[in-house]
Every structure is written in structure tokens, then in C-alpha cells.
Amino acid sequence: MTQDAIRIAGLKKTYDGGKDALKGIDLTVPAGSVFGLLGPNGAGKSTLINILAGLVTKTAGSVEIWGWDQDQNPRQSRAAIGVMPQELNLDPFFTPRGALEVQAGLYGVPKAQRRSAEILEMVGLSDKAEAYARTLSGGMRRRLLLAKALVHTPQVLVLDEPTAGVDIELRQMLWANVRKLNRERGMTIILTTHYLEEAEEMCDEIAIINHGALVARDSTKNLLGQLDAKTMVILPEQTPESLPETPGIAIERREDGTLAFSYNAKETTAESVLGAVHAAGIRIRDVRTEQADLQDVFLSLTKSA
Ligand code: ADP
Ligand code: MG
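Here the sequence shown is numbered in the working numbering, starting from 1 and rising by one per residue.
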């Protein structure tokens, strides 16, 4: 099957007050994939997801979910997607079971087809089925939000920063659930995160947005291949007056007196960086290396774009 789960064209969002949160996004998400939407805070990830979810109205552009145009077939497109939002917005007076029943009602799931008990079991909330939401811990609320996104058995499941600020145990449970839904039910998963490691581990394909624009879209493998940026941080014996100029190595003085040598590990070896340091007559008092993080990735992508 080569169907697209999501097809977005020319998507723009300007909030009241004039903030251009999305500046014309074109994006397709293949059916059956685990797709990562990455970007720094304020990039527009939640805006995009909330438009998919029908929670935010777009300013321009088109959105198709599972082949259904959001404007022409709002009911079908809404039925095809389940969203676990970033905000922990739950009615404090509902129990998990009650919240799932209400959600099922909203989506028109007939009583005979409801699977509240099964879903609560899956997210590990069976023993809290009758507890008031306001007595649930943050982690339990997050699991309940996942459960709510699943009541109508959507083809596409969207998770907005599901693991921001959650403990390791919950993170692992969430990822185990997500993998299972993808592998066993073929559910398409879209998730946002600003943890590159997490995206690397979970996602088949990745899109990166920055300031409301798409800056990269590729398979995780290809994208990470481009991102072999490394930095060697050297504390010199003496602050050098001038810095060497070496192709493929960007050198920066830091406020703490160290020198940061940034290079692409695919093109430049650590040894040649050290060679350049020695050739410049810089004597090393201390040295450490830094891996590129997502912030560096954004910087390199936005610079080269
Ligand atoms: P992300 O999820 O990537 O952190 P958001 O989509 O939440 O980014 O936000 C994108 C931009 O839009 C930010 O500058 C944010 O301040 C702004 N924004 C988000 N929601 C609103 C809103 N309801 N009204 C006005 N501006 C908003
Ligand atoms: Mg967000």
C-alpha cells in the first residue's frame, strides 16, 4: 500500500494578533509509517497537529486525512485521526472509564463496539478506571489522554510531545504501545518530540520545521547521515592570538576560554582536527567532544537553506 495517511498543501496559520505560526507547509505522511515531526519550541508543531485534529482553524491551504479533505469531508477526516494533545486538559470530574465513554459518544462509536476496558488495560489504567481524573498523577493523565485518542480506532494516531517531562517508565510504556499499534494494527503514527534520540529510535521518516517552515523531510536514516556534526572542545594552555583556518573545521572561541572545533565526522577525522590544533601551535590542557544535538541540526539546516 502506497497511500498517504496525511496530505498537507500550502498550509498557513496566522493567529489573531498576527503571529505567522505556519508559513506554507507541504507535507505527506505515508500510511503505516512512524513519522516524526521535529522542531524547537515555537516552531509550529502543535499548531500543525491541532489543525490536523480540528482544534485550530487553518488560515490557508488544504489538509487531507486518510484521503478525506478536511473541509469537504470534515466528519470522515476527523474520524480517521486520534490526537493525544500536548496539554493535559482533562475534565477533573470524569473517571477514566467515564472519559472514554464520553469520547466514544462524541465520535459516535456504538455501545457494542466500545472497547474502554481493553484500552484502559493497554495503557495500564485498569485499576484506576473509577478514580476521578483530578486524583490521577501527571503520568496517569497522559496515559488517559492516549486512551482517549484511541476510542474510535483511528487509522492515524498523533502524539504531541508525549514524553516531554515524563519518567523513564512511562516513556517506555508509551513507546511500547506506539510500536504495538503500528506493527500489529498498521496504525500510522505521527509524533512530535524535541529529543533527537527518541526520533532516531522510533521514526521511519522525519520532518523538521523551524519558524513555521519545513526545513527538512527525509528518512531518518538519510537525515541522521547528514547530521554527523561533532564538536571538539579544547582548553588551550594559552589563549592563542589567531586561530588556524582549516577547510571543513569551524572554530569558535567560547566565553569560558575554550575553543570549539566543529566538524562533520564523516568528512573530517578527530585526528585531523588535532593535527590542525598542533599545527597552529596550540597546546592542549584539556579536551572533550560534544555530539550534535537537535539545536545544531536546526542551525546547520537553516544556515544552508
Ligand atoms: P511548537 O509546538 O513547535 O512549540 P506552537 O505551534 O505551539 O509551536 O507555536 C508556534 C508559534 O505560534 C509560537 O510562536 C507560539 O507562541 C504561537 N502560538 C501558538 N498558539 C498560539 C495562540 N493560540 N495564539 C497566538 N499565538 C500562538
Ligand atoms: Mg508544541
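We put the CB at the ideal spot given by N, CA and C, even for glycine.
Between the C-alpha atoms of T192 and Y15 there is a straight-line separation of about 21 Å. Under the DSSP assignment, N182 falls outside any beta strand (DSSP E), being part of the alpha helix (DSSP H) whose first and last residues are 168-185. Going by C-alpha positions, K13 is about 27 Å away from L223. As summarised for the stretch 190-224, the continuous beta strand (DSSP E) elements at least 3 residues long and confined to that stretch are 205-210, 213-219, given in chain order.
Within its own chain, the residues whose Cβ lies closer than 6 Å to the Cβ of A43, once the five positions on either side in sequence are excluded, are I209, N210, listed in chain order. By the CB criterion at 9 Å, L120 and A131 fall outside the cutoff. Comparing C-alpha distances from A270 to each of T289, L27, T220 shows the shortest one belongs to T289.
Beta bridge pairing from DSSP links P244 with no other residue.
P92 is not bridged by DSSP to any residue. Counting only beta-carbon distances shorter than 6 Å to the non-hydrogen atoms of the ligand ADP, the qualifying residues in chain order are Y15, G17, K19, A21, G39, N41, G42, A43, G44, K45, S46, T47. Within a 10 Å sphere around the beta-carbon of G39 sit 16 or more other beta-carbons, which makes this residue buried. About 6 Å separates the beta carbon of L157 from that of L181, a gap short enough to meet the 8 Å contact definition. Relative to the ligand MG, even the nearest heavy atom lies 8 Å or more away from the CB of T163. I190 is a Cβ neighbour of V29, given a cutoff of 9 Å. Counting the other CB atoms within 10 Å of its CB gives R142 a total of 16 or more, which places it among the buried residues.
If you look at E252, you'll find it in the beta strand (DSSP E) that goes 249-253. Relative to the Cα of Q86, the nearest Cα in the group L144, S116, A80, R97 belongs to L144.
Of the residues D127, L125, G98, the one whose Cα lies closest to the Cα of R114 is G98. Relative to D4, the option among G138, N41, L11, V63 whose CA is nearest is V63.
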